[in-house]
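Note sheet for the following structure.
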Amino acid sequence: MARKEYEFTAKVNPDRTVTGKTPKHELVMDSSTTKGPSPLELMMNGLMGCELSVVNYYGPKKFGLELEELEMKIQAWRDPEPEDEYYGLRKIQIEWIVKSNKTLEEMKEIVKYAHKICPVFNSLSGRIVVEEKITIK
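Quick note: the sequence shown uses this note's numbering, first residue 9, plus one each step.
Structure below.
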């Protein structure tokens, strides 16, 4: 199977917000969170959206999951002034809230599968290669 490629752009606006563009959408990010979600908030929502979408789509097909309710809550923390200069999240706690025909053990297997194929979860787990270049205008 051919790899799937993605391309995104973002630009700082005069009001210091950032507009991000995908092939089909545009969104405003604001680190002060007054005019839009922060990039970190979008990242956590991206994780939830990916994981929930995987369970919602593959749960019924692969595991016979019959969902009545599916919700996720995330709590995360980081040190804004770290002594070790690591500014990323230190911990992400995920709570799945499920009403379905499955037991706790069966849901653990479904969640494990979601972690396996969710590209956002995988990217956060640390196997991503980041290459960059700087273009001076």
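For each residue, glycine too, the CB sits at the ideal point set by N, CA and C.
Quantities reported herein were computed from a predicted structural model and do not represent experimental measurements.
In chain order, Val36, Met37, Asp38, Lys43, Gly44 place their CB closer than 7 Å to the CB of Thr25, counting only its own chain and leaving out the 5 sequence neighbours on each side. Judged by DSSP secondary structure, Ile118 falls within the alpha helix (DSSP H) whose first and last residues are 112-125.
Taking 3 residues as the minimum length, the beta strand (DSSP E) runs contained wholly in the stretch 38-98 are 75-85, in order along the chain. Excluding its 5 nearest sequence neighbours in each direction, Leu132 has no C-beta neighbour in its own chain below 6 Å. Straight-line measurement puts the Cα of Leu50 at about 20 Å from the Cα of Arg135.
Taking Lys19 as the centre and dropping the five residues before and after it, the same chain places the C-beta of Thr27 closer than 6 Å to its C-beta, in chain order. Beta-bridge analysis with DSSP links Thr30 to no other residue. Closest by C-alpha distance to Leu97, out of Leu55, Tyr14, Ala84, Met115, is Ala84. Rounded to whole angstroms, the separation of the alpha carbons of Glu113 and Asp87 is 34 Å. The secondary-structure analysis by DSSP pairs Ile105 across a beta bridge with Glu79.
Residue pairing by DSSP leaves Ala10 without any beta bridge partner.
Just measuring C-alpha positions, the residue of Pro127, Thr143, Lys145, Ile142 sitting nearest Glu13 is Pro127.
DSSP places Val138 outside both helix and strand once states are collapsed to three, so it counts as coil.
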